[in-house]
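Quick note: the sequence shown uses the working numbering, first residue 1, plus one each step. The structure appears right after this line, and notes come after that.
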Amino acid sequence: MIPLLIVFIFCVGACLGSFFNALVSRFGSEKNWSPLSRSRCDVCDHRLGVLDLIPILSFLTFCRGRCRFCGRPIPAYYPVIELLTGLLCVGLVLSVLQPLHFPPLIDPNSVVSVSLLYSFVMIFFLATLFDYQYQAIPKSLIMTILVLGLVSIADPTATEFWIIRVIGGVVGFLLMTSQYLITRGKGLGSGDIFLTLSIGFFLGWKLLLVAIFFTYALGSLFGLFLVLNKKASGKRKIPLAPFLFTGLLISLVFGSDIARWYLSLL
Ligand SMILES: [Zn+2]
């Protein structure tokens with residue numbers, strides 16, 4: 001039962017990833033934008049067939065990495081996002097079915113808590129895709145994430161005390177605002193401040209600090225990688241949201257253990 005369920009959830013997640021790809025790619029195009037219209041090739045603008053729309057498989061089999069109509073290569077980014085979204089959905093469901101570290105944060109039996117967790121993580125993931133692609137996130141997405149963070153404070157079934165979450169939001173806001181002011185907006189955008197505020201509301205201050213630690217640790221490693229490979233330039237801005245998202249995931253799964261271990265050292 002469980003393996004079948006996992007395959008089904010992965011497929012649903014991959015389709016959601018395909019929808020995310022369409023949202024992100026159409027957002028930047030000048031053409032008549034509608035999230036529900038049929039996808040077209042980015043290069044030749046040919047309407048894609050049903051076979052071209054099957055997540056991951058169409059890239060590997062029918063299309064073989066190229067548009068069937070104009071023969072231009074399709075960026076590997078598309079199937080990778082579909083794969084990641086599928087894995088993310090499986091990870092989220094497994095984490096609730098077989099909770100390892102979630103009990104300190106949410107009640108896995110509460111539909112409200114679980115729905116909030118899924119919505120928060122998936123919409124945050126969509127925001128990271130926008131940030132990765134355009135170094136900007138639509139305001140409507142940031143506001144949705146912020147509202148979900150605020151609602152999570154009021155969730156009556158949440159296992160974390162509400163004041164811990166309010167302090168988390170304040171800590172996240174102050175940390176990011178001070179960095180914004182010190183770097184004069186060069187190190188991060190105003191959207192990153194609201195994303196961190198939302199993570200603080202959602203996780204509480206202890207898990208937020210774990211998330212921020214991993215955000216900067218991974219961001220620094222990535223920056224070092226770019227410098228060593230001579231890919232970094234002063235003008236190129238590294239989007240922060242993908243690192244914030246990775247920090248959020250690490251903190252969701254391992255944050256309680258890491259925070260407990262760290263506090264035991266003090
Ligand atoms: Zn084409």
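Just so it is clear, CB atoms sit at the ideal spot from N, CA and C, and this is done for glycine as well. Quantities reported herein were computed from a predicted structural model and do not represent experimental measurements.
| Item | Value |
| --- | --- |
| Can you give the Cα-Cα distance for Gly65 and Ile74, rounded to whole angstroms? | 5 Å |
| Can you give the Cα-Cα distance for Gly13 and Leu117, rounded to whole angstroms? | 15 Å |
| Mind the definition here: the stretch 205 to 219 touches the stretch 169 to 188 only if three or more C-beta pairs lie below 8 Å; say whether that holds. | yes |
| Would you please state the rounded distance, in angstroms, between the beta carbons of Phe201 and Gly247? I believe it to be under 8 Å. | No, Phe201 and Gly247 are not in contact; Cβ-Cβ is about 15 Å, not under 8 Å. |
| Taking buried to mean at least 16 other C-beta atoms within 10 Å of its own C-beta, is Asp45 buried or exposed? | exposed |
| Give me the Cβ distance between Asn21 and Ile81, rounded to the nearest whole Å; I'm assuming they're in contact under 8 Å. | 5 Å |
| Can you check which of these residues, Ser198, Leu226 and Leu265, is closest to Leu244 by C-alpha distance? | Ser198 |
| On the CB-based measure, 16 or more other CB atoms within 10 Å of its CB, does Ser37 come out buried or exposed? | exposed |
| Here's the rule: buried if 16 or more other CB atoms are within 10 angstroms of the residue's CB, otherwise exposed. What is Met176? | buried |
| Given a threshold of 16 other Cβ atoms within 10 Å of its Cβ, counted over all protein chains shown, does Pro156 qualify as buried or as exposed? | exposed |
| Residues bridged to Pro73 by DSSP? | Arg66 |
| For Val165, does the three-state DSSP call read helix, strand or coil? | A small correction: the amino acid at residue 165 is Arg; Val does not occupy that position in the sequence shown. Correct three-state label for Arg165: helix. |
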